[in-house]
Amino acid sequence: MDPVFDTAALMHPYTVLAALAVVVGLLAILLVAQLDSRPQTRCYLLYATVHTVGTAALLAEMVVASPALKQLFDLTTYLFSSALGPVALLYFALVYCDRTDLLARTWVKAVLVATPVVLFVTPLLDQLVRSAHVVAGPSMLVESGPIEVYDAATEPVGYLFGVYVVGLSTYSMWLLIDYYRGQSGRLLRQGYVLIAGYVPALVLILVGIFGLHPFPHVPIEVLGFATGVPFVLWALFGYDMFGTVPVAHRRVVEGLDDGVVVTDPDGVVLDVNGRLAEQLGVDPDDAVGRQATTVFADTPFEPPAAGQAETRVHVDLDGETRQFSVSQSPLTDGRDRRVGTATVYSDVTEQRRREQELKRQNERLDQFADTLAHDLRTPLATARAYASELEREYDEPDAEQVLRSLDRMNTMVDDILTQAREGATVTDSESVSLAELARSSWEQLDTQDAQLRIDGARTIEADPPRLRRLFENAYRNAVEHAGGDATITVTVGSDEFAVTDDGPGIPAPERRKAFESGYTTRSTNTGFGLSIIAEIARAHGWRAVISESASGGTAVRIVTNPRVSIIDGEVVG
């Protein structure tokens, strides 16, 4: 029975080195596989797996005794380490350096697709072309000391294949060098470690191709991957290699309308997008690798204080003062460790100008409403004085009715003035607790024997005084129409809040008129309550909706999320 293993080769130094390389490759795969599934992590796993399989095949080729198995393992080593290995390295470098834009280039497509296909097919055609010596010479079983391996004579095409391997590996290393060029701090140190790991691998490739070692028929270049693994693990766990590099993808950052600067935990600038360079006059090439406080010495690099979402800064640019909103977001890796900070500069100059103009328009509207109210109240006051005199001096029976009408007209003036003011767009808002404001608004009113229930709680950005008047008008409307012993319910949801009652409700045909100014079902009311609610809602960018409550009463809903759809039977104010 033929032996399975070549015992003479088991303890050969190259066999031991190959076994160690396999162990190192498996260790790298196991450690990296525990990390998050970012693209660069998956690409490195692919690269490590390809080379580990190729190295394991070389180890098997050296120790098995069967010539047929040796030829099979030689083919496996060739396909994985020689054909796919350089391609996997290039793809990893493109993804890691965020240069996947190069994949659109024809020559890169050819390298990543066409070249491996050609190299796969080459050994399969070897038997057909062996007699003509067309490709790389005849494959044969040769002895290198006690080791027997298959070898292909390195004719000119074989040397061209060596150029392919060296060329792709060198270009991949150049991508890494170009990425780390100009970096500083931990990123630069990470780059030194990572690039250093590929130097011995490149040396082994050259040594193997040119046969500059004691056993030239053994493809020692296959072991090159393992020499770089310790450096990669050092960069990975010592400098968080897969955590800090992809902190800002170039395509996303450059596509933003806002300026963005990305810094590492030490405050060193990692990236500056073109928009920020344009806004603040910062040179990206000069900024990267330097402390942010130095780069922005002439501009206010002021992050928001603790607890603040943003801060406002003013910058003098080309003789004009521009206002920026500055916000920060922490950048974390797959293990929720902070690896940097993204600071966003939003030019809000035009927005602030529009807000100021809107505020001036609101002030003019208030002034107009005040003038109009004054001009209306003066004759009303005069008429009321005469009517009171008639009632007192002459006991005129119609004077009391005139006085009631004048009082109602005076109330209508107040309501019209309120409606005009409430319709002005909200420019100053703050975070408000809906539940607390709903309850305090209720306590300010004479609600007779009515009961209030509040279901839910949330905070919302609003103008507190106007939101209070919205609740007050909703409560008055509910109590007046549902009765003094009604139960009023305030329901607070994530996209809306509502005030509902258990009264008779508004008939469906009448609901479409409910938000019209002056609409009322009672002669003693002015009919402005619901229209004021609608104005306040619109001023906040919300929608007021009337529908039937679950108990058959009236539900006044305030929809704060514009994406919420209105269903049939509901009326929008």
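Using the working numbering, the first residue of the sequence shown is number 231, and each one after it goes up by one. Where a beta carbon is used, it is the ideal one built from N, C-alpha and C, also for glycine.
Less than 8 Å between the C-beta atoms of residue i and residue j, yes or no?
| i | j | result |
| --- | --- | --- |
| D513 | R552 | no |
| L424 | A465 | yes |
| L324 | L405 | yes |
| T790 | G735 | no |
| Y570 | D494 | Residue identity differs from the one stated: residue 570 is Gly in this sequence, not Tyr. Against a cut-off of 8 Å, the Cβ pair of D494 and G570 comes out as a contact. |
| L463 | A258 | yes |
| A704 | V786 | yes |
| E702 | L664 | no |
| L398 | Y410 | no |
| Y244 | V459 | no |
| F445 | I377 | yes |
| E746 | S761 | yes |
| T541 | V556 | yes |
Please report the distance separating the alpha-carbon of residue i from that of residue j.
| i | j | result |
| --- | --- | --- |
| I407 | L276 | 21 Å |
| H711 | T721 | 19 Å |
| E726 | S795 | 12 Å |
| V246 | R568 | 41 Å |
| A767 | I788 | 7 Å |
| L547 | A774 | 44 Å |
| F235 | V294 | 4 Å |
| T282 | Y321 | 17 Å |
| V365 | L305 | Note that V365 scores a pLDDT of 40, beneath 50, so its modelled location is shaky; the value from the coordinates is reported in the next line. Their Cα atoms are separated by approximately 15 Å. |
| T400 | V317 | 12 Å |
| A738 | S659 | 35 Å |
| E666 | T573 | 35 Å |
| D679 | D715 | 5 Å |
| V545 | G504 | 18 Å |
| L260 | T271 | 12 Å |
| T307 | L256 | 16 Å |
| A298 | C273 | 33 Å |
| I763 | D625 | 41 Å |
Taking residue i as the reference, which of the options has the closest Cα?
| i | options | result |
| --- | --- | --- |
| V492 | A258, T689, T562 | T562 |
| G713 | R698, D731, S312, F701 | D731 |
| A340 | V294, Y394, L595, L250 | Y394 |
| G511 | M639, T330, L299, Y575 | Y575 |
| S670 | V262, V253, T400, P695 | P695 |
| A611 | D637, Q270, L588 | D637 |
| A239 | G441, V396, A290, R688 | A290 |
| R634 | T279, Y624, R614, D625 | R614 |
| D685 | F440, G315, T717 | T717 |
| R296 | V379, A263, G733 | A quick correction: the sequence has Ser, not Arg, at residue 296. Ranking the options by Cα distance to S296, first place goes to V379. |
| R887 | A780, Y326, T237, S402 | Limits of the chain in this structure are 231 at one end and 803 at the other, which puts residue 887 out of reach. |
| M292 | E580, T237, A668 | T237 |
Return the chain-ordered list of same chain residues with a C-beta closer than 7 Å to the C-beta of residue i, the five sequence neighbours on each side being excluded.
| i | result |
| --- | --- |
| Q521 | G497, V498 |
| A629 | A617, L620, E621 |
| Q509 | G489, Y575, D577 |
| A517 | V499, V502, V525 |
| A249 | L289 |
| F461 | V423, L424, A426, G427 |
Within the continuous beta strand (DSSP E) that includes residue i, where are the two ends?
| i | result |
| --- | --- |
| G315 | Run containing G315: none in the beta strand (DSSP E); it sits in the alpha helix (DSSP H), 315 to 326. |
| T245 | Run containing T245: none in the beta strand (DSSP E); it sits in the alpha helix (DSSP H), 243 to 263. |
| S183 | An answer regarding residue 183 cannot be provided, because it is not within the stretch 231 to 803 covered by the chain. |
| P297 | Careful: P297 lies outside any beta strand (DSSP E), inside the alpha helix (DSSP H) at 297 to 307. |
| F701 | That residue, F701, is in no beta strand (DSSP E); its alpha helix (DSSP H) goes 694 to 712. |
| T784 | 784 to 789 |
| G570 | 568 to 577 |
| A340 | That residue, A340, is in no beta strand (DSSP E); it is neither H nor E in DSSP. |
| P739 | No beta strand (DSSP E) contains P739, which is instead part of the alpha helix (DSSP H) from 738 to 741. |
If I measure Cβ to Cβ from residue i and keep anything under 8 Å in the same chain, skipping five residues before and after, which residues do I get?
| i | result |
| --- | --- |
| L302 | none |
| W337 | none |
| E585 | T657 |
| L342 | V317, L320, Y321, L333 |
| F178 | Residue numbering for the chain in the displayed model covers 231 to 803; residue 178 lies beyond these limits and cannot be assessed. |
| A691 | Sequence check: residue 691 is Glu here, not Ala. Result list for E691: S659, E660, S661, V662, in chain order. |
| A278 | G255, A258, I259, V262, F455, V459 |
Near residue i, which residues of its chain fall below 6 Å by C-beta distance, leaving aside the five closest residues on each side in sequence?
| i | result |
| --- | --- |
| T719 | R683, T730 |
| E451 | L434, I435, G438 |
| M241 | none |
| G454 | A431, L434, I435 |
| F526 | none |
| S559 | A572 |
| G315 | V280, H281 |
| T589 | Correcting the residue type first, residue 589 is Lys in the shown sequence and not Thr. Once the five neighbours on either side are set aside, the close Cβ partners of K589 are T657. |
Could you give the residue range of the alpha helix (DSSP H) that holds residue i?
| i | result |
| --- | --- |
| L442 | Here L442 belongs to no alpha helix (DSSP H), and DSSP marks it neither H nor E. |
| P269 | 269 to 293 |
| T524 | 522 to 525 |
Using 8 Å as the limit for Cβ to Cβ distance, is residue i near chain C?
| i | result |
| --- | --- |
| A431 | The structure shown contains no chain C; it holds only a single protein chain. |
Looking at the ligand HEM, does it come within less than 7 Å of residue i, judged from the CB to the closest heavy atom?
| i | result |
| --- | --- |
| R582 | The model depicted lacks the ligand HEM and carries no ligand whatsoever. |
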